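Protein chains in written order, with this note's numbering: chain A, 71 to 183; chain B, 7 to 118.
Backbone N, C-alpha and C fix where the C-beta goes; we use that ideal spot for every residue, glycine too.
Note that the coordinates shown come from a computational prediction; the quantities given were computed from them, not determined experimentally.
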Amino acid sequence: DAGITQSPRHKVTETGTPVTLRCHQTENHRYMYWYRQDPGHGLRLIHYSYGVKDTDKGEVSDGYSVSRSKTEDFLLTLESATSSQTSVYFCAISESGNTDTQYFGPGTRLTVL
Amino acid sequence: GDSVTQMEGPVTLSEEAFLTINCTYTATGYPSLFWYVQYPGEGLQLLLKATKADDKGSNKGFEATYRKETTSFHLEKGSVQVSDSAVYFCALSNFGNEKLTFGTGTRLTIIP
């Protein structure tokens, strides 16, 4: 299994509070991704990174920001959480991007009350 | 844009039955195609993939063939087991587009 951890694994928070989710990899892969999983939608890309300090938006990026200061860590921040951001969040990594295989972390279940 | 349509679930089968989960796609060029599996409470695991037309991906008794003429990548298994109960996602990736495009997932339940 690819060495990907996510923290926390579960979080309950209140509307309007900031939340940061962390993804950590031990594979030294260049590309890292954040997805959210919602019923009826499969997984949708929030943001991705193609190197340290290099990030770009995905299809559902509104309300989210990311940072990558080290190869192994990719942070997802909800600046002011809303109930619509209640979801399961998955981090993924890939070695060379594009059509290369992506490997997924165990997920973080976030509930915004 | 790219899209993936997969069979609506849930699907319930008896042990040792034959499985097919349909997946069709819309994409320009020559995407790579994937099947991922998600067991209860876990993240997604790559089950198999194919990177060009007529390629067959296979793993753990599952197979899928990349059919460009029908834009399909149907998942099959000859004899399912209770341990195959999970949610299965078809996905594609395309050059110039960093994301994986997923179908909505098919929940499979195998009964003894």
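For residue 76/A, the uninterrupted beta strand (DSSP E) run begins and ends at 74-77, by DSSP. The beta-carbon distance between residue 79/B and residue 96/B, rounded to whole angstroms, is 6 Å. This is short enough to meet the 8 Å contact definition.
Here residue 60/B carries a coil assignment [DSSP, helix/strand/coil]. Under the Cβ distance rule, residue 171/A counts among the residues neighbouring chain B, one pair being separated by less than 9 Å.
Going by C-alpha positions, residue 118/B is about 6 Å away from residue 20/B.
With 16 or more other Cβ atoms from the protein chains shown falling within 10 Å of its own Cβ, residue 94/B counts as buried. A direct Cα-to-Cα measurement between residue 177/A and residue 79/A gives close to 6 Å. Taking C-beta separations shorter than 8 Å and ignoring five residues to either side along the sequence, the partners of residue 183/A in its chain run 82, 83, 84, 85, 153, following chain order.
In the three-state DSSP reduction, residue 154/A falls in the helix class (H, G or I). DSSP links residue 147/A through a beta bridge to 90/A, 135/A. For residue 91/B against residue 110/B, the beta-carbon gap comes to about 18 Å, at or over 8 Å, which does not count as contact.
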